[in-house]
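Here the structure is laid out as structure tokens; the discussion comes afterwards.
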Amino acid sequence: MTQTQQSKQSRSRSLARLTAKQVNSASEPGYYMDGGGLIMHISNNGGKRWLLRFNSPITGKRREMGLGAAGHGGVLLAEVRDQAEAARKLVRAGIDPIDERNRSIEQQRQDAQRQKPVTFGQFCDEWMEANLRQYSNAKHQAQWRMTLTVYAEPLRSKAIQDIETNDVLEVLKPIWEEKPETAKRTQGRIERMLDAATAMGIRTGPNPATWRGHLSNLLPKQPKGKRGHHAAMPWRALPDFIPSLRARQGTAARALEFAILTAARSGEVRGATWNEFDLDARRWTIPAWRMKAKQEHKVPLTDRAIEILNEVAAQRPDSDQTGAALVFPGARTGSKMSDMTLAAVLKRMDVENATPHGFRSAFRDWAEDCADAPYGAIKAALAHMIGDKVDAAYRRGDAYQRRIKLMQEWAEFLDSRPKN
Numbered sequence: 001m002t003q004t005q006q007s008k009q010s011r012s013r014s015l016a017r018l019t020a021k022q023v024n025s026a027s028e029p030g031y032y033m034d035g036g037g038l039i040m041h042i043s044n045n046g047g048k049r050w051l052l053r054f055n056s057p058i059t060g061k062r063r064e065m066g067l068g069a070a071g072h073g074g075v076l077l078a079e080v081r082d083q084a085e086a087a088r089k090l091v092r093a094g095i096d097p098i099d100e101r102n103r104s105i106e107q108q109r110q111d112a113q114r115q116k117p118v119t120f121g122q123f124c125d126e127w128m129e130a131n132l133r134q135y136s137n138a139k140h141q142a143q144w145r146m147t148l149t150v151y152a153e154p155l156r157s158k159a160i161q162d163i164e165t166n167d168v169l170e171v172l173k174p175i176w177e178e179k180p181e182t183a184k185r186t187q188g189r190i191e192r193m194l195d196a197a198t199a200m201g202i203r204t205g206p207n208p209a210t211w212r213g214h215l216s217n218l219l220p221k222q223p224k225g226k227r228g229h230h231a232a233m234p235w236r237a238l239p240d241f242i243p244s245l246r247a248r249q250g251t252a253a254r255a256l257e258f259a260i261l262t263a264a265r266s267g268e269v270r271g272a273t274w275n276e277f278d279l280d281a282r283r284w285t286i287p288a289w290r291m292k293a294k295q296e297h298k299v300p301l302t303d304r305a306i307e308i309l310n311e312v313a314a315q316r317p318d319s320d321q322t323g324a325a326l327v328f329p330g331a332r333t334g335s336k337m338s339d340m341t342l343a344a345v346l347k348r349m350d351v352e353n354a355t356p357h358g359f360r361s362a363f364r365d366w367a368e369d370c371a372d373a374p375y376g377a378i379k380a381a382l383a384h385m386i387g388d389k390v391d392a393a394y395r396r397g398d399a400y401q402r403r404i405k406l407m408q409e410w411a412e413f414l415d416s417r418p419k420n
């Protein structure tokens with residue numbers, strides 16, 4: 001045993017009870033006993049702390065419990081003796097004081113968490129996790145998530161107790177006339193979430209998303225058939241329209257059907273060349289210079305889209321189907337088909353209030369309401385400008401597989417009219 005160890009051991013034995021003066025003035029590293037297992041420990045760097053040694057009534061093993069800093073600015077001697085005695089009483093009662101303290105800290109953490117305001121986003125996510133399983137239809141579940149995460153996004157960070165009428169109107173007004181069906185569905189689901197929060201005691205007061213007698217007096221009557229800048233056929237009408245379009249002969253009819261199937265812009269279809277297509281990979285790659293956003297765009301090809309390409313190719317067996325020849329040429333040799341040519345197809349079919357570009361709006365509305373697809377995948381399918389990193393992911397990598405599934409669902413929907 002070294003001289004220092006002998007000195008420490010001697011000091012531990014000699015100090016039966018400590019005084020406040022000794023606690024503050026002691027500086028030599030070691031253990032200073034106060035009795036009953038209470039110890040002041042001074043480390044080699046001069047730090048002082050209180051310890052209580054005891055035998056756990058649970059395991060019988062010796063344990064050390066920290067009771068805070070000692071010395072100047074630390075826990076006073078009288079206070080630490082009270083803490084030590086309280087711990088000893090727990091030991092005599094068969095309770096391990098360290099385990100009891102840990103339980104108390106966890107309880108305080110849980111209490112603080114419960115007192116923390118619940119946000120609308122937190123409540124919705126927990127509610128959907130517990131309740132959406134009642135809907136066996138995956139698309140219906142996706143609709144719920146779309147409305148409560150994308151459209152109700154302005155509410156998600158707000159404490160659910162603090163949501164007021166103006167907050168709900170902030171969500172609904174931008175889509176009330178542009179997307180009437182989606183807006184009404186969003187209103188109903190926000191109303192239901194706030195009702196559920198009230199039932200659970202998380203919220204009090206009237207529901208600011210209530211329609212009858214409240215929002216019905218604040219929002220205008222929704223227009224019928226309004227779609228923005230490009231007149232669009234309602235997406236529910238497309239399964240009845242597609243067979244009629246498919247029955248029409250001519251390159252223009254095939255180009256219009258191809259544009260609908262791929263949700264591509266009219267100019268992208270009319271300018272398509274054979275070297276942009278990889279039929280083995282079932283992919284159409286539109287170069288950046290032809291895209292509105294000046295970014296290369298890959299389009300998944302469904303069975304029907306490939307059938308159209310094969311039909312068009314069969315009509316011109318002598319044409320170049322590997323190079324820069326147009327897939328859907330105009331009436332004059334080598335010329336590009338005009339946008340008016342596609343519009344004329346609709347006119348000859350007596351279709352009113354619809355434009356070729358409007359079918360992209362129909363695709364968007366169908367996808368947002370019915371498809372089992374993330375919002376970023378829908379934006380990427382339309383080749384809209386991508387703002388954040390999450391949305392940008394849908395242009396590349398494995399996320400492209402989601403767009404393949406999305407376009408296949410779209411093709412199946414278009415072909416969903418019962419066959420005679």
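Everything in the sequence shown is counted per UniProt numbering, starting at 1 for the first residue and increasing by one. Don't be surprised by glycine CBs; every beta carbon is placed ideally from N, CA and C. Since the model is a prediction, treat every value here as computed from it, not as a measurement.
Give every residue of the same chain whose Cβ lies closer than 7 Å to the Cβ of residue i, excluding the five residues on either side of it in the sequence, and list them in chain order.
i	result
P29	I42, S43 and N44
L18	Y32, D34, M40 and L77
Residues in its own chain within less than 6 Å of residue i by CB, not counting five upstream and five downstream?
i	result
residue 485	Here the chain comprises residues numbered 1 to 420, so residue 485 is not present and cannot be evaluated.
T341	A252
E164	P208
I260	F359
Q83	L67
W176	A183 and L219
D339	S266
P154	E170 and V171
A142	D372
S56	R63 and D96
Q222	P180
residue 484	The question about residue 484 has no answer here: the residues shown for the chain are numbered 1 through 420.
T285	E276 and K298
V345	A252, A253 and L256
A337	Before going on, a small fix: residue 337 reads as Met here, not Ala. Contacts found: R270, F328 and G330.
From the DSSP output, read off the bridge partner residues of residue i.
i	result
R63	F54
Y375	According to DSSP, which records beta bridges pairwise, Y375 is partnered with nothing at all.
R283	D278 and P300
R49	H41 and A69
P329	K336
A324	In the DSSP output, where bridge partners are listed per residue, A324 has none listed.
Y32	M40
A159	T119
T198	BP columns for T198 are empty, so no partner.
Within 10 Å of its beta-carbon, does residue i have 16 or more other beta-carbons around it, so buried, or fewer, so exposed?
i	result
S157	exposed
K179	buried
R254	buried
T182	buried
D365	buried
L218	exposed
I105	exposed
K89	exposed
G201	exposed
P356	buried
E257	buried
D398	Caution applies to D398, whose pLDDT of 43 falls short of 50 and renders its modelled position unreliable; the value that the coordinates give is listed next. So D398 ends up on the exposed side.
T59	exposed
G46	exposed
L108	According to the sequence as given, residue 108 is Gln; it is not Leu. It counts as exposed.
D189	Per the sequence presented here, residue 189 reads as Arg, with Asp not at that position. Buried, by the Cβ-count rule.
E268	buried
R402	buried
G250	exposed
W410	buried
G74	buried
T147	buried
K48	buried
G94	exposed
M354	In the sequence as displayed, the identity of residue 354 is Ala instead of Met. Buried, because 16 or more other Cβ atoms sit within 10 Å of the Cβ of A354.
G213	exposed
W289	exposed
Can you give me the Cβ contacts of residue i inside the same chain, cut-off strictly under 8 Å, excluding the 5 residues immediately before and after it?
i	result
E283	Reading the sequence as shown, one finds Arg at residue 283 and not Glu. Within the same chain, R283 has close Cβ partners F277, K298, V299, P300 and L301.
I306	L279 and R282
W144	M128, L132, Y135 and R189
D195	N207
A367	A373, I378, A381, L406 and W410
Would you please state the rounded distance, in angstroms, between the beta carbons of residue i and residue j? I believe it to be under 8 Å.
i	j	result
T273	V327	6 Å
R265	K292	7 Å
T210	E191	6 Å
V80	W50	5 Å
A152	T186	6 Å
Exercise. Should the stretch 326 to 334 be regarded as contacting the stretch 234 to 241, the criterion being three or more beta carbon pairs within less than 8 Å?
Worked result: no
Problem set entry | At least three beta-carbon pairs within less than 8 Å, the stretch 366 to 377 to the stretch 398 to 416 | yes
Problem set entry | Validate contact between the stretch 168 to 181 and the stretch 96 to 104 using beta carbons, cut 8 Å, 3 pairs | no
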